[in-house]
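These notes are about the structure you will find just below.
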Amino acid sequence: MKKILIIGAGGQIGSELAPYLRAIYGDNNVVAADISAEKCKNLAEAGPFEALDVLDKGRYIDIVRNYKIDTIFNLVALLSATGEKNPELAWNINIGALTNSLGIAKDNNCAVFTPSSIGAFGNDTPKDKTPQDTLQRSNTTIYGVCKVTGELLSDYYFNRFGLDTRSVRFPGLISYMTLPGGGTTDYAVEIYYEALRKGAFTCNVKAGTYMDMMYMPDALRAVVELMEADPKKLKHRNSFNIAAMSFDPEGIAAEIRKHIPAFRLDYQVDPVKQAIADSWPNSMDDSAAHDEWGWKAEYDLKKMTDDMLVKVKEKLAKGLA
Ligand code: SER
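Rendered as structure tokens:
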């Protein structure tokens with residue numbers, strides 16, 4: 002990775018991955034691109050930025066050629082709950098972005114990283130310790146349909162053209178920097194803000210709904226470790242299960258109460274999000290990632306909660322949220 006392009010750089014992952022990669026590979030070697038210049042003001046001040054609608058293939062090609070890009074981070078996607086509001090749009094954007102990224106990468110000899118997700122699994126998938134290689138009939142959300150398609154398409158480009166495509170199945174990502182938008186796992190971010198603001202939170206998925214979650218520092222490190230991994234050691238490519246922690250709303254609330262004993266949790270279940278959450282794994286088995294490229298999470302629920310509450314409190318005190 003010498004010249005990197007991040008598309009969707011203003012999103013939940015990109016807004017943190019861009020500065021993370023710039024710190025490792027140099028500000029000028031990481032080009033941030035997003036349809037919204039507004040969302041990328043900080044990124045544009047610190048290094049190269051291009052306004053890009055990824056569906057505009059001509060402009061996308063120009064950017065890759067002008068900067069002599071060798072690695073593309075394809076981070077453009079609508080999340081699971083947003084996708085259900087407009088499935089055609091979600092398909093067009095999520096798959097349109099990936100199709101352009103893979104095609105352009107093939108013609109310009111670039112590696113491609115694309116995030117997959119716990120959403121790539123469905124109701125028929127084993128729920129506990131979900132295996133790396135298992136049934137993936139993820140047909141209850143357009144987001145899941147796009148993720149499974151994305152995994153297959155990325156493997157196809159590797160098998161057929163030798164394109165260096167790599168990917169992880171992210172759990173719900175939790176961070177104090179950029180808020181997620183329209184995901185089913187978003188409650189696990191919002192709960193920290195509301196605990197500090199109001200001492201109470203109304204959760205839109207039921208008690209007992211277990212999902213894999215991960216703290217953003219682990220997620221960012223996973224991306225770099227996978228992209229830097231020796232390709233000879235990779236038996237899988239698209240995509241690796243990676244895991245860090247699995248909890249339900251009661252579990253995260255109990256951890257928060259260690260800091261805010263009076264914290265109150267109640268429920269107002271959103272049936273769309275509940276059905277999505279129910280179709281996803283309770284916890285994934287990430288031993289293939291461990292064996293093939295040494296993956297190991299550093300943050301568990303306790304360590305993440307300690308850090309989240311400090312960081313979100315600072316943000317609220319500064320009026321930044
Ligand atoms: N965080 C995503 C969502 O909830 C899952 O990958 O949509």
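In my numbering, the protein residues as written are 2 to 322. We put the CB at the ideal spot given by N, CA and C, even for glycine. Nothing here was measured: the structure is a model prediction, and the numbers come from that model.
- If the five residues before and after D271 are omitted, its C-beta is found closer than 6 Å to the C-beta atoms of N205, all from its own chain and listed in chain order.
- With a threshold of 16 other beta carbon atoms within 10 Å, Q269 falls short and is exposed.
- The region 103-115 makes contact with the region 56-66, as at least three CB pairs between them are under 8 Å.
- For G182, the CB stays at least 7 Å from every heavy atom of the ligand SER.
- One Cα belongs to P250, the other to K274, and the distance between them is close to 14 Å.
- Runs of the beta strand (DSSP E) lying entirely within the region 137-197 and spanning at least 3 residues, in chain order: 169-171, 173-175.
- Minimum Cα-Cα distance from Y157 among the listed residues G183, T100, G27, I14 corresponds to T100.
- CA-to-CA, the gap between A189 and D213 works out to about 11 Å.
- For L80, the distance from the CB to the nearest heavy atom of the ligand SER is below 7 Å.
- Judged by the Cβ position, I119 qualifies as a neighbour of the ligand SER at the 7 Å threshold, a heavy atom of the ligand being closer than this.
- The closest heavy atom of the ligand SER lies less than 7 Å from the beta carbon of T185.
- Inter-residue distance for M285 and Q137 is about 13 Å (C-alpha atoms, whole angstroms).
- Taking C-alpha positions only, N75 is separated from A263 by approximately 42 Å.
- A residue is called buried when at least 16 other Cβ atoms come within 10 angstroms of its Cβ; D187 meets this threshold and is buried.
- Shown here, C204 sits in a strand according to DSSP, grouped into three states.
- Inclusion of G173 in the 7 Å shell around the ligand SER follows from its C-beta lying nearer than that to a non-hydrogen atom of the ligand.
- A direct Cα-to-Cα measurement between L90 and L56 gives close to 12 Å.
- In the DSSP assignment, I243 falls outside any beta strand (DSSP E), carrying neither H nor E.
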